[in-house]
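Take a look at the structure below.
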């Protein structure tokens, strides 16, 4: 797992500031200068956007979907399961579109099979299942959870695909739609294809408009944090390919 750079930058800034009031003022000034330059570069160069665009633009939104749609699979990750349990109401992350789109497609295709794939991503929070949050949301939005097959044990994208395949048992020639965040879609599609499951990518949860735009303002540490999780996805793509988990390094539309 990549370390969040925000903590490192803040620690270096604090150390540099401390050294300014000691006999190590030269080193302190250098540390403060380096941290300031790094934050400015990350913010002004929009490195997070540059890294996100190829991921989010890799698969277009399928319009229209082929007919018929035999099934829809959604990957978990939008649920804040521990907070939902603590507060007694649905708490979602900024990837909530995964679930709302899933509900929308379930209404458009009332005869389609529905599969939710997502256990608990953290080893220390296995008792808090994303499916419990999803079931509560589906009930509130009028989707009968009895229509949905829930996969509860996966911890990563590979297990999402493997366990969903066991539940869905897709037949050759069937049209199955896969919903996940646009930035995560290339790796997810690669894993599904490696298993012989040719899904129709339906990307959601966008962070960019699809074009490189001049963004005014100062994002500072926010950009550093974004660079970290986007870098993690690129590393995941390469790692999955090297381990033989995906059909190709950077999957594209068929």
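In my numbering, the protein residues as written are 5 to 258. By construction, the Cβ of each residue, glycine as well, lies at the ideal position given by its N, Cα and C atoms.
Output the distance between the C-alpha atoms of residue i and residue j, rounded to the nearest integer angstrom.
| i | j | result |
| --- | --- | --- |
| residue 120 | residue 85 | 15 Å |
| residue 21 | residue 154 | 52 Å |
| residue 255 | residue 18 | 43 Å |
| residue 200 | residue 132 | 31 Å |
| residue 112 | residue 76 | 11 Å |
| residue 35 | residue 44 | 14 Å |
| residue 191 | residue 108 | 24 Å |
| residue 12 | residue 118 | 43 Å |
| residue 196 | residue 169 | 9 Å |
| residue 64 | residue 141 | 27 Å |
| residue 243 | residue 90 | 35 Å |
| residue 3 | residue 81 | Given that the chain is displayed from residue 5 to residue 258, the structure contains no residue 3 and the question cannot be resolved. |
| residue 179 | residue 70 | 7 Å |
| residue 206 | residue 14 | 38 Å |
| residue 240 | residue 162 | 11 Å |
With 16 as the cutoff for other CB atoms within 10 Å, does residue i come out buried or exposed?
| i | result |
| --- | --- |
| residue 29 | exposed |
| residue 25 | exposed |
| residue 37 | exposed |
| residue 250 | buried |
| residue 230 | buried |
| residue 97 | exposed |
Tell me which residue opens and which closes the beta strand (DSSP E) that residue i is part of.
| i | result |
| --- | --- |
| residue 154 | 152-155 |
| residue 185 | 180-185 |
| residue 248 | Where residue 248 is concerned, there is no enclosing beta strand (DSSP E), given that its DSSP letter is neither H nor E. |
| residue 107 | Taken as a continuous stretch (DSSP letters only), residue 107 belongs to no beta strand (DSSP E), being part of the alpha helix (DSSP H) at 101-112. |
If you follow the alpha helix (DSSP H) that residue i is in, where does it begin and where does it stop?
| i | result |
| --- | --- |
| residue 147 | Unbroken run through residue 147: none, as it is neither H nor E. |
| residue 193 | 189-198 |
| residue 168 | 161-172 |
| residue 54 | 51-60 |
Out of the options, point me to the one whose CA is closest to residue i's CA.
| i | options | result |
| --- | --- | --- |
| residue 114 | 156, 78 and 151 | 151 |
| residue 73 | 181, 104, 258 and 239 | 181 |
| residue 32 | 41, 248, 16 and 42 | 16 |
| residue 59 | 238, 245, 244 and 100 | 238 |
| residue 83 | 160, 61, 136 and 240 | 136 |
| residue 246 | 233, 198, 232 and 216 | 198 |
| residue 87 | 164, 138 and 39 | 138 |
When the Cβ atoms of the region 49-64 are set against those of the region 162-177, are three or more pairs found closer than 8 Å?
-> No: the two stretches stay apart, fewer than three of their Cβ pairs being nearer than 8 Å.
At least three beta-carbon pairs within less than 8 Å, the region 205-215 to the region 179-195 | Result yes; three or more Cβ-Cβ pairs closer than 8 Å.
Would you say the region 134-149 touches the region 157-171, given that touching needs at least three Cβ pairs under 8 Å?
-> No: the two stretches stay apart, fewer than three of their Cβ pairs being nearer than 8 Å.
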